[in-house]
Amino acid sequence: MTTKAPAFAIVGRTNKGKSSIVATLAEDDSVAISPRPGTTRECHEYPVRVDGEVLFTLVDTPGFEQAGAVLAWLRAGETSAASRPGRVAEFLRVHERTGEFPEERALLTPIMHGASVLYVVDGTKPYRKNYEDEMEILRWTGRPAMALVNRIGEGDFTAEWHAALHQYFQTVRDFDAFHVSFDERVRLLRTFRELRIEEAEAIDRAIGALEQERRRRREEASAILTSLLVDSLTFTMQVDVEDEAEITREKDRLAERFHEALRERERRARRAVEHLYRHDRARFVEGDLERPELDRDLFAKETWNLLGLTPGQQIFAGAVAGATVGGAADAVVGGASFMTGALIGTLAGGGLSAYRVGKRFAKVISSAPGGRLGLPKIGGDVKSALSGKRRFTVGPHAQPNFPWVLLDRALLHYASVLARTHARRDDVSIGEAGEKGPVSGLSRETRKELEVAFVQLRKRHDDPPEGARAVINAHVRSLIEAVERETSKRASG
């Protein structure tokens, strides 16, 4: 038997944050939100779907405009408490013909058609007696109702609001539409389950579907971040040149092309995570030096000073890398590069080009014939040799801290996406100024397992081992779960 999806009418006075709550609960940033009163002039329905199934519908309604006059009309024909819902229905019939009270008719119609009530007030403004007319009208409908004390400004009058609201509503909850976690959204549904027992089955199904979607998003986000790391660590560029002198002349341009390709991989991963959480309209500003470090370029000095491993942890990572590769390293600890082991290379006929990593940027460096950097000499491409050109392979990026910085940025970006509600219309700030990512707090054993996987990917970039990908994905999933717990804790605190 199909159970009808519940509906919730979001009602209250104008400019109290009703549309913000709808946007947050529906995860819909297309909901019109403005500080100008009366932005919502008619009802708009926002179905909440998972896998195409409507779980529940949120109805954004106009604000009360003439509550006192409406209540007076209702009371003029009252006979008993049992007759009050019928009197409200009569009000709608009578004034549909006259055209009077358009806002009140609009907001009461979905309620009288079966929607439960979410009454919204602004707890940063003082309580006023004239709100009681609105609350009394809602009580006359006889529908299950909950009051939400939203926070729009800086004041705090929640105590007096709670004292008044509890006289009219079965449940009163504080709710910040701009800072609310997934767990708080679910708790809201669970509360309505108790208020509306006949809809318990439908609400249980909605909660189950939302929790399943949360798990799916977690898995998809883990896959996105894992692919970012694997693709970035195995990325190479092949360049055909007439002679080795040309690669020397073009090394700066090649280095920029290589780094820009890595930046683009990060940008695509970010957009994929944002789309996963329905933040397609949000604007993530990058490259502004006035913004937190994570908003800056992937290879900015400030980014590498703040994110990734600490210097001591990098030395440990370098030791792991050296042991994994077999000790072929070009190590200059404390200088521009350290623990970078063998990098690249290929050519036909004897000359060798290496793409070596500085502290943040990789550099294209030509070696003497025969490859005197301790790098394996690799045969060139036959087609290139026959054409008289020489093919150089640039990459992968071998600086030990590179994947750790990339992972830190990805996790902080994920946390920002997770914490951002769909009611917000400002630019997204990724992380807080001076905030370090979770990478430096990992256990030594976790860092060792990840470093081994990173080295394996670089070493076998032509055929990345699935075992290394699986190790990275497992740890990324654990980190994402930790980010979710911390984000929920911050929203609730």
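Residue numbers for the sequence shown, in the working numbering: 217 to 709.
Positions of the beta carbon are idealized from the N, C-alpha and C atoms, including for glycine.
What you are looking at is a predicted structure, and each value in this text was computed from that prediction instead of being measured.
query: Any Cβ of chain D within less than 8 Å of the Cβ of L623?
result: Among the chains of the structure shown, chain D does not appear; only one protein chain is present.
- prompt: Would a C-beta distance cut-off of 8 Å place T387 and M362 closer than the cut-off?
  reply: In the sequence shown, counting from the first residue as 1, residue 387 sits at position 171. In the sequence shown, counting from the first residue as 1, residue 362 sits at position 146. Yes. Within cutoff.
- request: Find the nearest neighbour of F394 within the set H382, A477 and A239, judged by alpha-carbon distance.
  value: Taking the sequence shown and counting its residues from 1, one reaches residue 394 at position 178. It is A239.
task: Report back the beta-carbon spacing between D349 and G284 to the nearest angstrom; my notes put them in contact at under 8 Å.
output: As a first step, residue 349 is located in the sequence shown; it is residue number 133 there, counting from the start. As a first step, residue 284 is located in the sequence shown; it is residue number 68 there, counting from the start. Taking 8 Å as the upper bound for CB-CB distance, D349 and G284 are in contact here, some 5 Å apart.
query: Any idea which residues DSSP pairs G228 with across the strands?
result: Residue numbering aside, residue 228 sits at position 12 when the sequence shown is read from its first letter. DSSP output for G228 lists V336 as bridge partner(s).
task: Locate the alpha helix (DSSP H) running through D420, then write down its first and last residues.
output: Looking up residue 420 in the sequence shown gives position 204. Its alpha helix (DSSP H) spans residues A416 to T450.
Distance between V264 and S246 (C-alpha atoms, nearest Å): On the sequence shown, residue 246 is found 30 positions in, with the first residue counted as 1. On the sequence shown, residue 264 is found 48 positions in, with the first residue counted as 1. If I take the Cα positions, the gap works out to 13 Å.
message: Which of the three DSSP states is assigned to L658 in this structure?
response: Position 442 of the sequence shown, counting from 1, holds the residue named residue 658. Looking at L658 - three-state DSSP - the assignment turns out to be coil, as it is neither helix nor strand.
message: What does the alpha-carbon distance come out to for the pair D244 and C259?
response: Locating residue 244 in the sequence shown gives position 28, where the first residue counts as 1. Locating residue 259 in the sequence shown gives position 43, where the first residue counts as 1. D244 and C259: Cα-Cα distance of roughly 16 Å.
field: Neighbourhood of L308 by C-beta distance below 7 Å, restricted to the same chain and skipping five residues each side
entry: Residue numbering aside, residue 308 sits at position 92 when the sequence shown is read from its first letter. Only R321, L324, T325 and M328 meet the Cβ criterion.
- prompt: Taking just the CA atoms, how far does A639 sit from T273?
  reply: Taking the first residue of the sequence shown as 1, we reach residue 273 at position 57. Taking the first residue of the sequence shown as 1, we reach residue 639 at position 423. Straight-line Cα distance between these residues: approximately 17 Å.
- prompt: To the nearest angstrom, how far is it from the Cα of V336 to the Cα of P680?
  reply: The count along the sequence shown starts at 1 and reaches residue 336 at position 120. The count along the sequence shown starts at 1 and reaches residue 680 at position 464. Cα-Cα distance, rounded: 54 Å.
field: When R412, L470, R403 and W356 are compared against L287, the one with the closest alpha-carbon
entry: Taking the sequence shown and counting its residues from 1, one reaches residue 287 at position 71. When the alpha-carbon of L287 is set against those of R412, L470, R403 and W356, the nearest one is in W356.
query: If you draw a straight line from the alpha carbon of V310 to that of R303, how long is it in whole angstroms?
result: For the purposes of this step, residue 310 is taken as the residue at position 94 of the sequence shown. For the purposes of this step, residue 303 is taken as the residue at position 87 of the sequence shown. Rounded to whole angstroms, the gap between the alpha carbons of V310 and R303 is 10 Å.
query: What distance in whole Å lies between the Cβ atoms of I419 and L405, which are believed to be in contact at a cut-off of 8 Å?
result: Working through the sequence shown from its first residue, we reach residue 405 at position 189. Working through the sequence shown from its first residue, we reach residue 419 at position 203. A Cβ-Cβ distance of about 6 Å is found for the pair L405 and I419, placing them in contact under the 8 Å criterion.
field: Simplified DSSP state of R607, which is helix, strand or coil
entry: Within the sequence shown, numbered from 1, the residue matching residue 607 stands at position 391. In the structure shown, the three-state DSSP call for R607 is strand.
- prompt: Are T452 and H677 closer than 8 Å when you measure CB to CB?
  reply: Position 236 of the sequence shown holds residue 452. Position 461 of the sequence shown holds residue 677. Yes, these two residues count as a Cβ contact at 8 Å.
query: Can you list, in chain order, the residues of its chain whose CB lies under 6 Å from that of G653, leaving out five sequence neighbours each side?
result: Within the sequence shown, residue 653 is the residue found at index 437, counting from 1. Only L523, D624, L627 and L628 meet the Cβ criterion.
- prompt: Who are the Cβ neighbours of E429 in its own chain at under 6 Å, not counting the five residues just before and after it?
  reply: Walking along the sequence shown from the start, residue 429 turns up at place 213. Closer than 6 Å at Cβ, skipping near neighbours: V266.
query: Would you call K675 buried or exposed, if buried means 16 or more other Cβ atoms sit within 10 Å of its Cβ?
result: Along the sequence shown, read from residue 1 onward, the residue named residue 675 stands at position 459. With 16 or more Cβ atoms within 10 Å of its Cβ, K675 is classed as buried.
field: Which residues DSSP lists as bridging V270, in chain order
entry: The residue given as residue 270 occupies position 54 in the sequence shown. Per DSSP, the beta-bridge partners of V270 are R265.
- prompt: Buried or exposed: where does E697 fall if 16 or more other Cβ atoms within 10 Å of its Cβ makes it buried?
  reply: Walking along the sequence shown from the start, residue 697 turns up at place 481. When all chains shown are included, E697 counts as exposed.
T387, enclosing beta strand (DSSP E) - first and last residue: Numbered from its first residue, the sequence shown carries residue 387 at position 171. T387 to D390 is the extent of the beta strand (DSSP E) around T387.
- prompt: Quick one: what's F280 bridged to in DSSP?
  reply: If you number the sequence shown from 1, residue 280 lands on position 64. In the DSSP assignment, F280 is bridged to R229.
task: On a CA-only basis, which of E682, G683 and H691 is nearest E661? Give me that one, please.
output: Residue 661 sits at position 445 when you count from the first residue of the sequence shown. When each option's Cα is compared against that of E661, the closest is H691.
- prompt: By how many angstroms is the C-alpha of Q672 removed from the C-alpha of E462?
  reply: On the sequence shown, position 246 is the one that residue 462 refers to. On the sequence shown, position 456 is the one that residue 672 refers to. Between the alpha carbons of E462 and Q672 lies a distance of about 31 Å.
message: Looking at the secondary structure, which residues open and close the beta strand (DSSP E) in which V457 lies?
response: Position 241 of the sequence shown holds residue 457. Segment M453 to V457, the beta strand (DSSP E) holding V457.
- request: Name the two residues that bound the continuous alpha helix (DSSP H) containing A239.
  value: Residue numbering aside, residue 239 sits at position 23 when the sequence shown is read from its first letter. Its alpha helix (DSSP H) spans residues K234 to A242.
Coil, strand or helix - V275 by DSSP: As a position in the sequence shown, residue 275 is number 59, starting the count at 1. When DSSP states are grouped into helix, strand and coil, V275 belongs to the strand group.
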